[in-house]
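Novice:
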Amino acid sequence: MSRTIRCSTAQLNIGVVLLNGQSFRWRRLPETDPPVITGVACNRVWKLQRPNPNEISFEVLARFPSAENTEDIAVLRDYFQLDVDLEALYAKWADIDPHFETILKQHRDQFEGVRILAQPLVETMFAFICSANNNIKRISNMVNTLAELYGDSVSIASTSGAIEPTETFYDFPSVDQLAVGLPTMEKVLRDRGFGYRAKYIAATVRKLSEVDGGFQTWANDLKSADYSNAKATIKKLDGIGPKVADCICLMALGHHQVVPIDTHVFQITVQHYLPKLGKHKSVTDAVYREMSEYYVEKFGTHAGWAHSVLFSTRLKQFATKPGVVEASVTKTIQKGRKKK
């Protein structure tokens, strides 16, 4: 049964937020108007739609065994972090930044309501390990493959209008579920097209499954740590450099001020904010730090949220002018930053 949640388009743009490279478990169903978006989040299969500018309709199509006994509407509000007044933040950012103001004046309908999701830690870590030198479509395929190989499944009536009467959805696996597959994981993932990321994923699963006190204690300590300590801890895992660590801090640990620097953000920064940095051919540690600190100083406690709006304008599926194309989502053009 479909239910509704009061939420204006100024507070939430589901068409951008769910498809702009934060989460990789959502898809827009073709030939639906208003658009219908289905996906897996918070151990549930969801169907979302905006029937009018003031409401979002939602339906939970299935729950996985690990789903907490929490009211669905509360889960959805937490996932979208609707306690944050995004409209007020937009007004503040437009007031202090001419470029942000121009985006809203020219493309408000397209880019209002872009906020950061509060995502599960395990899924976010492995999704962004997959993201290195990759694009949204391929990352989505990899994340869904991990879920298919190691996660719980549920079959429901087809949501896509396909010939098949049922459709199978997969929950993202826990560390314990991933660890069961360790003996063959690297080979299996390489065979499924993960490339060098297969080694990183297997090594990180092993480390997380062997941490002192168990993974949940480790995760709880990470969630209570300050930003610098959390980032340092995450970077000890295989396949996680500064950019990926910052994505995890922003999207799974609630460090709203964090601005991950990738090619999109580097280009935006040079073009609109710090042209002097255009002389650099790569993002050194010093350049990365200067850009990150600049955005925090400019946009404040939710700088990472402002960055998400700027980032979204560079993705080809949301392109605002001819010639704007999606580059590699997380290619950092950083010199010598690959984890060994």
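Mapping of the sequence shown onto this note's numbering: residues 1 to 340, in sequence order.
Each residue gets a CB set at the ideal place from its N, CA and C atoms; glycine is no exception.
For clarity, every value in this text was computed on a predicted model and none was experimentally measured.
#1: Count Cβ pairs between the segment 146–158 and the segment 107–117 that sit closer than 8 Å; are there 3 or more?
#2: Tell me Y170's beta-bridge partners as DSSP assigns them.
#3: Leaving out five residues before and five after L178 in sequence, what residues of the same chain have Cβ atoms less than 6 Å from its Cβ?
#4: Pull the bridge partners of G39 from the DSSP assignment, please.
#5: Smallest Cα separation from Y170: which of Q49, R314, D109 and A67?
#6: Can you say whether K243 is buried or exposed, counting buried as having 16 or more other CB atoms within 10 angstroms of its CB?
#7: For D246, does the count of other Cβ atoms within 10 angstroms reach 16, so buried, or fall short, so exposed?
#8: What is the rounded straight-line gap between the Cα of L253 and the Cα of K223?
#9: Assign V143 to one of three DSSP states: helix, strand, or coil.
#10: Would a C-beta distance cut-off of 8 Å place V45 and A62 closer than the cut-off?
#11: Taking 6 Å as the limit between beta carbons, can you name the residues of its chain near A203, skipping five residues before and five after?
#12: Please name the residue in Q267, L89, K199 and D78 whose C-alpha comes closest to that of L282.
#13: Are the CB atoms of V175 and L208 within a distance shorter than 8 Å?
#14: How many angstroms separate the CA atom of Q317 from the CA atom of F194?
#15: Suppose contacts are defined by Cβ-Cβ distances below 8 Å. Is L86 in contact with Q22 by that definition?
#16: From the DSSP output, read off the bridge partner residues of H62.
#17: Should I201 and L182 be called a contact, given that it needs their Cβ atoms to be closer than 8 Å?
#18: Going by the CB atoms, is the gap between I103 and K298 shorter than 8 Å?
#19: Exposed or buried, S155, counting other C-beta atoms within 10 Å across all chains shown (16 or more means buried)?
#20: Compute the beta-carbon to beta-carbon distance between S312 and N20, rounded to the nearest angstrom, for a pair I have assumed lies under 8 Å.
#21: Using only CA atoms, which one of N134, K47 and V296 lies nearest to Y196?
#22: To which residues does DSSP link T70 through a beta bridge?
#23: Does DSSP classify T32 as helix, strand or coil?
#24: Tell me the rounded alpha-carbon separation between P322 and T217.
#25: Pull up the CB-CB distance for Q257 and G213, whole angstroms please, since I reckon it's below 8 Å.
#26: Would you identify the three-state DSSP class for S158, choosing helix, strand or coil?
#27: Run through DSSP, which three-state label would I201 get?
#28: Please report the distance separating the alpha-carbon of L48 from that of D226.
#29: Less than 8 Å between the beta carbons of M125 and I248, yes or no?
#30: Just list the residues that DSSP pairs R6 with in beta bridges.
#31: Excluding five sequence neighbours on each side, which residues of the same chain lie with their C-beta closer than 7 Å to the C-beta of I129?
#32: Tell me the DSSP secondary structure of Y273 in three-state form.
#33: Is the Cβ-Cβ distance between T269 and L277 less than 8 Å?
#34: How many angstroms separate the CA atom of R6 from the CA atom of L146?
#35: Does the distance from the C-beta atom of M1 to that of E59 stay below 8 Å?
Specialist: Quick look at the numbers:
#1: These segments do not touch.
#2: Y170 pairs with S153.
#3: Excluding residues within five positions, the ones whose Cβ falls inside 6 Å are Y150 and V205.
#4: G39 is bridged to W26 and W46.
#5: Closest in C-alpha terms to Y170, from the list Q49, R314, D109 and A67, comes A67.
#6: A residue is called buried when at least 16 other Cβ atoms come within 10 angstroms of its Cβ; K243 meets this threshold and is buried.
#7: Result: buried.
#8: Between the C-alpha atoms of L253 and K223 there is a straight-line separation of about 6 Å.
#9: If DSSP states are grouped into helix, strand and coil, V143 belongs with the helices.
#10: Yes, Cβ-Cβ distance for V45 and A62 is below 8 Å.
#11: Within the same chain, D238 come within 6 Å of A203 by CB-CB distance, once the 5 residues on both sides are set aside.
#12: Note on residue identity: the sequence assigns Ser, not Leu, to residue 282. Of Q267, L89, K199 and D78, the residue nearest in Cα terms is Q267.
#13: Yes.
#14: Looking at the two C-alpha atoms, the distance is approximately 24 Å.
#15: Taking the C-beta atoms as reference points, Q22 is found no nearer than 8 Å to L86.
#16: One detail in the question is off: residue 62 reads as Ala in this sequence, not His. For A62, which the question treats as bridged, DSSP gives the partners V45.
#17: Cβ atoms of I201 and L182: not closer than 8 Å.
#18: No, Cβ-Cβ distance for K298 and I103 is not below 8 Å.
#19: Around the beta carbon of S155, fewer than 16 other beta carbons sit within 10 angstroms, so the residue counts as exposed.
#20: Confirmed, about 5 Å.
#21: For Y196, the closest C-alpha among the options N134, K47 and V296 is that of N134.
#22: According to DSSP, T70 bridges with nothing at all.
#23: T32 falls in the coil class under three-state DSSP.
#24: Reliability of the predicted coordinates at P322 is poor, the pLDDT of 36 falling under 50, and no value is obtained from them.
#25: By a beta-carbon distance limit of 8 Å, Q257 does not contact G213. Their separation comes to about 29 Å.
#26: Reduced to three states, the DSSP call for S158 is coil.
#27: Helix, per DSSP.
#28: The alpha-carbon atoms of L48 and D226 are separated by roughly 34 Å.
#29: Their beta carbons are under 8 Å apart, which means M125 touches I248 by this criterion.
#30: Under DSSP, R6 shares a beta bridge with E55.
#31: The residues R197, Y200, I201, T204, G239, I240 and V244, in chain order, have a CB closer than 7 Å to that of I129 in the same chain once the five nearest residues on each side in sequence are set aside.
#32: Three-state result, Y273: coil.
#33: Yes, the Cβ-Cβ distance between T269 and L277 is below 8 Å.
#34: Taking the straight line joining both Cα atoms gives about 34 Å.
#35: Result yes, Cβ atoms of M1 and E59 sit closer than 8 Å.
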